[in-house]
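Visitor: Numbers 1415 to 1511, taken from the numbering used here, label the letters of the sequence shown in order.
What follows is a single structure, and I will ask about it in a moment.
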Amino acid sequence: INVPWCSWTNSGVIYHEDENPVEVLQQVIHYQSVASAKVVQLGRKINKNFKIGCMLAMVPFYPNTCDTKDILASQKAMEHRLFHYGDLHVFGERPYY
């Protein structure tokens, strides 16, 4: 496959030669987050007792060593690259980290 990151996004986006893939991916993530928030709002409008969840494809980040700096870097990577999306969906706002 010669489409960078396509398997990471599940969005079906095809990058064009004149586009910056990182910028396109960030815009796609924004649109997906807004769409998710709208669905949650609609579900709560229909029935405030609905239980609305999400599924994340998660690959954990492990520290290279047991050094505290590596452990903290691994935790930070998990927060920014994985937990961010679930937190955004569950809490309805961008996380503080």
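For each residue, glycine too, the CB sits at the ideal point set by N, CA and C.
Among residues of its own chain, excluding the 5 on either side of residue 1438, which ones have a beta-carbon nearer than 8 Å to its beta-carbon?
Guide: Only 1427, 1429 meet the Cβ criterion.
Visitor: May I ask you to report which of helix, strand or coil DSSP gives residue 1457?
Guide: It is helical.
Visitor: Taking 6 Å as the limit between beta carbons, can you name the residues of its chain near residue 1454, skipping five residues before and five after?
Guide: Cβ neighbours of residue 1454 beyond the five flanking positions: 1466.
Visitor: According to DSSP, is residue 1510 helix, strand or coil?
Guide: Coil.
Visitor: Between which two residues does the alpha helix (DSSP H) harbouring residue 1484 extend?
Guide: Counting along the chain, the alpha helix (DSSP H) containing residue 1484 begins and ends at 1482 to 1492.
Visitor: Which term fits residue 1417, buried or exposed, when burial requires 16 or more other beta carbons within 10 angstroms of its beta carbon?
Guide: Note on residue 1417: pLDDT 49, under 50, position unreliable in the model; no value is reported.
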